[in-house]
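Taking the numbering used here, the leading residue of the sequence shown gets -18, the next gets one more, and so forth. Backbone N, C-alpha and C fix where the C-beta goes; we use that ideal spot for every residue, glycine too. Treat the numbers as computed from the prediction; the structure is a model and nothing was measured.
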Amino acid sequence: MSALTPDLLRELVAEARLAPSVHNIQPTRWRLLDGERLALVDDTSVRAPVADPSGHDVLVSHGAALEGMSLALNRRGLAITAMTTIEQPLSPQSAALCSFAIRQGVAPDPLAGLVTRRMSWRGKFVASPEDGASLVQLAVARDDLVCIGDRPAIADIAGWADQAEYSFVRGDDYRAELLEWMRLSPGHPHYLHDGLNRDALAMNAVEATAARYVLGSLFKPLDRLGLAAALLADSAKTASAAAIVLFCRPVGEDPLTTGRHFYRSWLEIDRAGFAACPISALSDHPDFNDRLRKLARIGGELRLVNVFRVGRSAKPVKPRHFRLPVEQLIV
Ligand SMILES: Cc1cc2nc3c(=O)[nH]c(=O)nc-3n(C[C@H](O)[C@H](O)[C@H](O)COP(=O)(O)O)c2cc1C
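The following block contains the structure:
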């Protein structure tokens, strides 16, 4: 067992927080229980109840943060051990979900070095002669990823993604929640810290202003005129992907475990030389989830948890991570 000093904990949390979370809400906190055990704490005040009514994506986000912690430990020759799952309320707004000790002596994890490079790429992709080899690398690396590289199928899925997203966006509550987590101007007090800002969304100032109106006060008139769907369409970006990658996990799997694999899959996508962005609407919408399962012949023992579009970014990307300060994450 290895002791966790406050300085080491701050370093570890600084890296663990780079894990993805739904809408970048960052629900995970950390608490040192005694010098030897660390608890993953759920900040229950941080939720996206309309986009994620069951709370599954919050748990997947916690799982990703847990994997982020494991990777941060790995870079220091340390590993998680003696994990126990608990569901222990700590305050009206927080509950510990699991706790673990730290042990020394672990083989280097090849994904640990990709943590600072990975990000959601929401721009267009460009084709490369290397795409085929990268897709083979990805398919060989993980048996929970199904890669669809067939151009007509990708074009169909791009259209489905827009239909699925639009069916959710038509909900007043959904748009309100989305706008609540969007930081469309750099003057927003949370711009650098959480939610989806204009840089992360790959929008310029004009596009960000347009998005504010299209998702806000102009949505209903534009919807009535049949214009809103075209204004919100993302299909050109999805259709430019080298592949659509289906992330499938065993039915009934603990969501924290699913989240750990979700993050590892995304890092594996980066290791193959691609950038990626999830399209949760496709897995969240029962009809489109069904269509994708049929298309890829996914067996009944697997759940289609999420869908990525992957490819090479059309311009060089300098990864940026907008995250809460470390002090706020240690409770
Ligand atoms: C469970 C889950 C679902 C997500 N769904 C989407 C999505 O549908 N669309 C999207 O653009 N990003 C999605 N994301 C990505 C997050 O918005 C992203 O990880 C977060 O904003 C942090 O940014 P980063 O990935 O660039 O570090 C999802 C992330 C998680 C963990």
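Checklist entry - Are the Cβ atoms of R179 and L165 separated by less than 7 Å? => result yes
Item to check | Expected contact under 8 Å - CB spacing of S101 and G254 to nearest Å | outcome: S101 to G254, Cβ: 17 Å. No contact.
Checklist entry - Which word fits E249, buried or exposed, when buried means at least 16 other C-beta atoms lie within 10 angstroms of its C-beta? => result buried
Next on the checklist: On the CB-based measure, 16 or more other CB atoms within 10 Å of its CB, does K342 come out buried or exposed?
Outcome noted: Outside the displayed range of the chain (-18 to 312) lies residue 342, so it cannot be described from this structure.
Item to check | E17 in three-state terms, based on DSSP | outcome: coil
Item to check | Whole-angstrom distance between P8 and L212, CA atom to CA atom | outcome: The straight-line gap from Cα to Cα measures roughly 31 Å.
Checklist entry - Where does S198 sit, in a helix, a strand or coil, going by DSSP? => result coil
Next on the checklist: Applying the 10 Å Cβ sphere with the 16-neighbour rule, what's the burial state of S26?
Outcome noted: exposed
Item to check | Spatial neighbours of A108 in its chain, beta-carbon cut-off 7 Å, leaving aside the 5 residues before and after | outcome: A223
Next on the checklist: Excluding the 5 residues flanking S75 on each side, which residues of the same chain have their C-beta closer than 7 Å to its C-beta?
Outcome noted: R10, V22, D23, D24, T25, V312
Item to check | Presumed contact (8 Å Cβ cut-off) between L177 and H4, rounded CB distance | outcome: 6 Å
Checklist entry - Under 7 Å between the Cβ atoms of P236 and L59? => result no
Next on the checklist: For a quick check, are the C-beta atoms of A136 and A220 less than 7 Å apart?
Outcome noted: yes
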